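The block underneath contains the structure these notes are about, expressed in structure tokens.
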Amino acid sequence: MRALWKPDAGPGLIMTDRPVPVPTEDEVLVRVLRTGICGTDLHIERWDDWAAEAVTAPLVPGHEFSGEVVEVGAAVRDVAVGDLVSGEGHVVCGTCRNCRAGRRQMCIRTKGLGVQRDGAFAEYLTLPGTNVWVHHGPVEPEVGALFDPLGNAVHTALAFPLVGEDVLVTGCGPIGLMAIAVARHAGARFVVGTDVSPERLRMAEGMGADLGVDVRDDGAAAVRAVQERLGMREGFDVGFEMSGAPTALPAMVENMNHGGRIAMLGLPSGPIAVDWGKVVTHMLTVKGIYGREMFETWQAMSSMLATSAVLRARIGSIVSACHPARDWEAAFAAAADADGGKVVIDWTET
Ligand SMILES: [Zn+2]
Ligand SMILES: [Zn+2]
70 MRALWKPDAG PGLIMTDRPV PVPTEDEVLV RVLRTGICGT DLHIERWDDW
120 AAEAVTAPLV PGHEFSGEVV EVGAAVRDVA VGDLVSGEGH VVCGTCRNCR
170 AGRRQMCIRT KGLGVQRDGA FAEYLTLPGT NVWVHHGPVE PEVGALFDPL
220 GNAVHTALAF PLVGEDVLVT GCGPIGLMAI AVARHAGARF VVGTDVSPER
270 LRMAEGMGAD LGVDVRDDGA AAVRAVQERL GMREGFDVGF EMSGAPTALP
320 AMVENMNHGG RIAMLGLPSG PIAVDWGKVV THMLTVKGIY GREMFETWQA
370 MSSMLATSAV LRARIGSIVS ACHPARDWEA AFAAAADADG GKVVIDWTET
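The sequence shown begins at 70 in my numbering and counts up one residue at a time.
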């Protein structure tokens with residue numbers, strides 16, 4: 070089979086021929102239709118400090134996929150040959166305290182698809198049957214490949230109640246954009262997105278944000294000004310920090326109402342300074358978000374997509390390009406362009 074391969078610990082990837090993996094009795098074999106390119110994959114391709122620490126090479130990277138089940142291990146239940154699936158890329162141990170309590174997203178021995186085990190930049194992959202998510206309704210292959218990052222967005226957006234609340238979203242990359250669409254769908258009053266790219270801010274308004282705010286200069290002041298413009302008087306009730314930028318969380322803390330709640334998915338590359346005095350005296354909640362809840366997030370995103378044509382159209386519009394696998398280098402270059410949406414690779418075109 071064709072696969073994008075990281076032969077050893079170092080920069081670069083090669084398109085090469087690899088053996089089709091053989092599923093164990095707990096696993097399914099999936100013929101991959103589409104694979105999304107994630108920031109994680111760009112780190113793995115470049116082989117930065119994070120990759121050197123976290124990634125096991127040799128490896129097939131890739132974790133955002135849709136595909137069709139072509140073989141099912143003897144012990145797998147509720148998955149059948151021919152099912153259209155997406156996959157939860159965190160393969161958990163099943164025996165640690167959190168796994169046993171049903172909090173599998175908090176497993177202390179998680180192995181990541183395309184990070185510590187062979188992943189989805191290939192024509193076939195294997196995954197435990199318990200990790201696949203079967204689409205029981207029609208889902209386009211490109212949208213199926215979005216379920217992993219959409220799950221990040223939904224996990225963040227549904228961390229706190231949103232009905233009637235004013236929501237600030239810092240960072241309008243693909244996951245921030247999806248979180249805006251979900252917040253709008255889930256009943257927020259005002260939704261405001263911030264970014265440093267005018268193109269992304271335009272996309273934020275297309276997702277249902279009331280306003281996109283350029284925070285290239287003074288982010289905290291720009292967000293304060295937008296509150297006035299919208300007629301807000303007390304600050305944001307809920308914040309989603311989606312950028313990891315060192316200035317984003319401080320600007321958000323500055324603009325929250327007392328008792329405000331912050332869900333934080335953006336991963337800062339190092340420690341950042343926050344006005345903790347304000348967190349205390351304003352009684353703010355800050356919650357870290359990682360991956361997706363298994364499988365409550367999957368249930369929620371499937372149901373929301375199935376019942377809202379508006380949400381479906383907005384989420385689908387996040388895919389900005391779909392390249393055949395042979396053009397993977399162009400696809401990776403497009404994905405590295407900060408102004409774009411989500412770039413997807415098609416494994417079915419030869
Ligand atoms: Zn990803
Ligand atoms: Zn575990």
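In this text, a Cβ means the ideal position worked out from N, Cα and C, and glycines have one as well.
Computed from a predicted model, the values in this text were never measured in an experiment.
>> Closer than 7 Å to a non-hydrogen atom of ligand 2 - does that hold for the CB of V161?
In response: yes
> For ligand 2, is there a heavy atom less than 7 Å away from the beta-carbon of T164?
Replying inline: Yes, the beta carbon of T164 sits closer than 7 Å to at least one heavy atom of ligand 2.
>> Less than 7 Å between C-beta atoms, sequence neighbours within five positions excluded: which residues of the same chain meet that for D62?
In response: In the structure as shown, the chain begins at 70 and stops at 419. Residue 62 is therefore absent and cannot be evaluated.
>> Given 7 Å as the limit, tell me if R178 has its C-beta closer than that to any heavy atom belonging to ligand 2.
In response: yes
> Helix or strand or just coil, what does DSSP make of N324?
Replying inline: coil
> Does DSSP put A289 in a helix, in a strand, or in coil?
Replying inline: helix
>> To the nearest angstrom, how far is the alpha carbon of G339 from that of V161?
In response: 27 Å
>> Based on DSSP bridge pairs, tell me the residues matched to E211.
In response: DSSP output for E211 lists no bridge partner at all.
> For the alpha helix (DSSP H) that contains C168, what are its first and last residues?
Replying inline: R166 to R169
> Should E133 be listed as close to ligand 1, given that the test is whether its C-beta is under 7 Å from any heavy atom?
Replying inline: True, at least one ligand heavy atom lies under 7 Å from that Cβ.
>> DSSP three-state label for T195, please.
In response: strand
> So, helix, strand or coil for H159, using DSSP?
Replying inline: strand
>> In the DSSP output, which residue or residues are listed as bridge partners for G262?
In response: V238 and G281
>> On a Cα-Cα basis, can you pick out the residue from F259, L215, R293 and A78 that is closest to C107?
In response: L215
>> For the segment 396-404 against the segment 242-260, do three or more pairs of beta-carbon atoms, one drawn from each stretch, fall closer than 8 Å, so that the two count as touching?
In response: no
> Do the CB positions of L237 and M333 come within less than 8 Å of each other?
Replying inline: no
> V145 to R166, Cα distance in whole Å?
Replying inline: Between the alpha carbons of V145 and R166 lies a distance of about 24 Å.
> Is the segment 108-121 close to the segment 85-100, with three or more CB pairs under 8 Å?
Replying inline: no
> Of all the options A394, D415 and A390, which has the alpha carbon lying nearest to the alpha carbon of D406?
Replying inline: A390
>> Taking the alpha-carbon of T109 as reference, which of V154, L182, V91 and R172 has the nearest alpha-carbon?
In response: L182
>> Does L114 come out as helix, strand or coil in the three-state DSSP assignment?
In response: According to the sequence as given, residue 114 is Glu; it is not Leu. In the structure shown, E114 sits in a helix (DSSP, three-state: H, G or I).
>> For A121, tell me which candidate among P130, V150, G79 and M325 has the shortest Cα-Cα distance.
In response: G79
> Since L299 contacts L280 with CB under 8 Å, what's their CB separation in whole angstroms?
Replying inline: Yes, L299 and L280 are in contact; Cβ-Cβ is about 7 Å, under 8 Å.
> Is there contact between the segment 147-161 and the segment 212-227, where contact requires at least three CB pairs shorter than 8 Å?
Replying inline: yes
> If you count every other CB in all the chains shown that lies within 10 Å of the CB of A170, and 16 or more means buried, which is it?
Replying inline: exposed
> Curious, which full-length beta strand (DSSP E) runs of at least 3 residues does the segment 82-134 contain?
Replying inline: 83-86 and 96-105
> Got a sec: does ligand 1 put a non-hydrogen atom nearer than 7 Å to the Cβ of C391?
Replying inline: No, Cβ of C391 sits at least 7 Å from all heavy atoms of ligand 1.
> From V261 to M272, what distance separates their C-alpha atoms?
Replying inline: 12 Å
> If T316 sits next to G288, beta carbons under 8 Å apart, how far is it from one beta carbon to the other, in whole angstroms?
Replying inline: The pair is a contact, with the Cβ atoms about 5 Å apart (cut-off 8 Å).
> What do you get for I244, buried or exposed, if any count of 16 or more other CB atoms within 10 angstroms of its CB means buried?
Replying inline: buried
>> Considering only the alpha carbon of each residue, which of K75, Q185, E94 and A189 lies closest to P103?
In response: As written in the sequence, residue 103 is Arg, which differs from the Pro given in the question. Ranking the options by Cα distance to R103, first place goes to A189.
>> Taking the alpha-carbon of M301 as reference, which of S372, P337, M325 and S377 has the nearest alpha-carbon?
In response: M325
> In three-state DSSP terms, what is A252?
Replying inline: Note: A252 maps to helix in three-state DSSP.
> Is the beta carbon of W397 sitting closer than 8 Å to the one on E192?
Replying inline: no
> With DSSP run on the structure shown, which of helix, strand or coil describes M373?
Replying inline: helix
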